[in-house]
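See below for the structure under consideration.
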Amino acid sequence: MTTSYEEILEKVITELSALTAPDAGLTEDSELVTELGLDSFKVLDLLMDIEDEFDISMPVNLLADVHTVKDLAERIHTVINTGT
Amino acid sequence: MSLFAKFQPLVQDRHSLLGEGVDPFGAPIEEIYSPTEARINGRRTILAGTNNYLGLTFDKECLDAAHAALDELGTGTTGSRMANGSFSGHRALEREIAAFYECDKAIVFTTGYQANLAVISGLANNEDTIVIDADSHASIYDGCRLSGADVVRFRHNNPDDLHKRLKRLGERAANTLVIIEGIYSMLGDKARIREFVEVKNAHQAMLLVDEAHSLGVLGERGRGLVEEAGVINEADFIVGTFSKSLASTGGYCVSNHPQLDLIRYASRPYIFTASPCPSVIASTREALKRVENGADLRARLWRHARRLYRHLLDAGYELGPEPCPVIAALLDTREQALALWRGLHEHGVYVNLIFPPATPDGKSLVRISVCAAHTDEQIDKICEAFSALS
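Residue numbers (our numbering), protein chains in the order written: chain D, 37 to 120; chain E, -10 to 379.
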């Protein structure tokens, strides 16, 4: 079964909203660190929550090129639908 | 943009938070009187933040051995073991550490940080997976990064969570290195090691245990959590440091896997670091003997630790989950933690101050480490200082 990008994005934003201020202005283009103020360990903890949410294994090194909410959702989409 | 521009937020943050007072992240140690006392910023101070668990920094046998090695072998080796050769002391210490753990193989490294960097990056590469506790020490994270392996985190000290994440790896789990620590340095909690061993065996993974804070502290002969829990032979690799209970500097890895020796030829941190100084090796060898016969020191250490933990709980501090020679008081904000640190400094007590993100759950920590060489009167003074500031 495939999961659409939109479904993933919605879940990522739900997870992120628990970690950010209500007025953070969370959008697809928000930068995780510079705009949303997440420190490196918050991002790593978010990744563990995402792995559990989608029942996937997503190594932390895959975050190297992830800067925005969109980057993250796209990376998860790739892992879910291709396994890598 | 200047290379230094990225540091500007750090500079501003430090300035606004720390102001003009003494810097808790670089306290000036002006004179050392003993393992438990120093002059800091002009004040005679009880040292309660040094991880000098057994108080061996001024042990006579260790000092004599170091002095003799300086006279006989000089101040340094001036290069790596691959380039400059192995001194007899390097080889002897490796035999002695292997015998201490009743393991076949041991490698000595120049620092504890380097030990993790060298072992992890030597064992795993970009075709492997490493699964680590979320609260792992920075040296473990850095070793993983240097290895190029896929790195998966599991929730702190949670064997069920490890099981879940290994299960997701499927067939890859059998080629996975799982890393835990004996005592976690932030909160002073012990790993649930027997359960972790069951999980790693169920998945045929390999287990590396970092005993940096538990060597000399746990176990009848001071061999750490693996000894206390009776699982020495279940750990594929045991890593540790000389810079805490052994009161010098350096690190080690022991294993029954004969391939451990190959790390000497495959690990850049080992190949390209100067080997430990002869005096460091000599004092470490003496300290290792004292650790093995150190039941008296461990009893004293734990008596102090339990007493201080109880006192701080009664004084209303939020602490780590169990009594341990590392005791962390958890504060909600950096400002609260800094105020407590400075208050303790004014009361003549030196501890560690640790801010997020290095800390679990975004808390700030004032971390105490107890020493077997503390006197009862010094523990009284530490208790009084915390009570006065609670």
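Idealized CB from N, CA, C, for every residue including glycine.
A straight line joining the alpha-carbon of Leu378 of chain E with that of Phe47 of chain E spans about 32 Å. At a cut-off of 8 Å, the C-beta of Pro148 of chain E has no neighbouring C-beta in chain D. Considering only E:Ala326, E:Ala95, E:Gln193, the residue with the shortest C-alpha distance to Pro247 of chain E is E:Ala95. The beta carbon of Glu187 of chain E sits closer than 6 Å to no other beta carbon from its chain once the five residues preceding and following it are set aside. Here Asn105 of chain E is buried. Its C-beta has 16 or more other C-beta atoms within 10 Å. What Leu158 of chain E touches in chain D, judged by beta-carbon distance under 8 Å, is Ser93, going in chain order. Neighbours of Asn97 of chain D across chain E, judged by C-beta separation under 7 Å: Asp139, Val140.
For the segment 123 to 177 of chain E, the continuous alpha helix (DSSP H) assignments of 4+ residues that do not extend past its boundaries occur at 127 to 136, 148 to 158, in sequence order.
When the beta-carbon positions are compared, Thr99 of chain E and Thr273 of chain E stay at least 8 Å from each other.
Looking at E:Ala318, E:Ala284, E:Leu286, the one whose alpha-carbon comes closest to that of Arg299 of chain E is E:Ala318. For Ser75 of chain E, there is no enclosing alpha helix (DSSP H), since its DSSP letter is neither H nor E. Here the alpha carbon of Ile316 of chain E sits roughly 33 Å from the alpha carbon of Ala191 of chain E. Cys242 of chain E is bridged by DSSP to E:Ile96, E:Val228. Asp199 of chain E has E:Glu170, E:Val228 as its beta-bridge partners, per DSSP.
In this structure the segment 288 to 298 of chain E does not touch the segment 158 to 170 of chain E; the number of beta carbon pairs closer than 8 Å is below three.
In chain order, Asp75, Phe77 make up the part of chain D whose C-beta sits under 8 Å from the C-beta of Pro345 of chain E. Under DSSP, Thr104 of chain D forms a beta bridge with D:Glu67. The C-alpha of Leu112 of chain E is placed about 25 Å away from the C-alpha of Ala218 of chain E. When DSSP states are grouped into helix, strand and coil, Ala318 of chain E belongs to the strand group. Buried is the label assigned to Lys78 of chain D, since at least 16 other Cβ atoms lie within 10 Å of its Cβ. Beta bridge pairing from DSSP links Ile112 of chain D with no other residue. Annotation for Tyr22 of chain E: the continuous beta strand (DSSP E) segment containing it runs 18 to 23. The Cβ atoms of Ala236 of chain E and Leu196 of chain E lie no closer than 8 Å to each other. Taking the Cα positions, Thr70 of chain D is about 39 Å away from Asn41 of chain E. Residue-level contact by beta carbon holds for Arg144 of chain E and chain D, with a gap shorter than 8 Å.
Within the same chain, and ignoring the five residues on either side of Tyr173 of chain E in sequence, the residues whose Cβ sits closer than 6 Å to its Cβ are Asp124. Here Thr34 of chain E is bridged, per DSSP, to E:Ala27. Less than 8 Å divides the Cβ of Asp122 of chain E from the Cβ of Phe143 of chain E. Here the C-alpha atom of Phe226 of chain E lies approximately 20 Å from the C-alpha atom of Asn115 of chain E. Cys92 of chain E is not a Cβ neighbour of Val338 of chain E, given a cutoff of 8 Å. Straight-line spacing of the CA atoms in His113 of chain D and Phe344 of chain E works out to 34 Å. Secondary structure note for Asn190 of chain E: its alpha helix (DSSP H) is the uninterrupted segment 182 to 191. Pairing Leu83 of chain D with Leu68 of chain D gives a Cβ-Cβ distance that is not under 8 Å. Judged by DSSP in its simplified three-state form, Thr118 of chain E adopts strand. Excluding sequence positions up to five before and after Ile221 of chain E, its CB lies within less than 6 Å of the CB of Val215, all in the same chain and listed in chain order. With respect to the 8 Å criterion, Pro13 of chain E and Leu301 of chain E are not classified as neighbours on the basis of their beta carbons.
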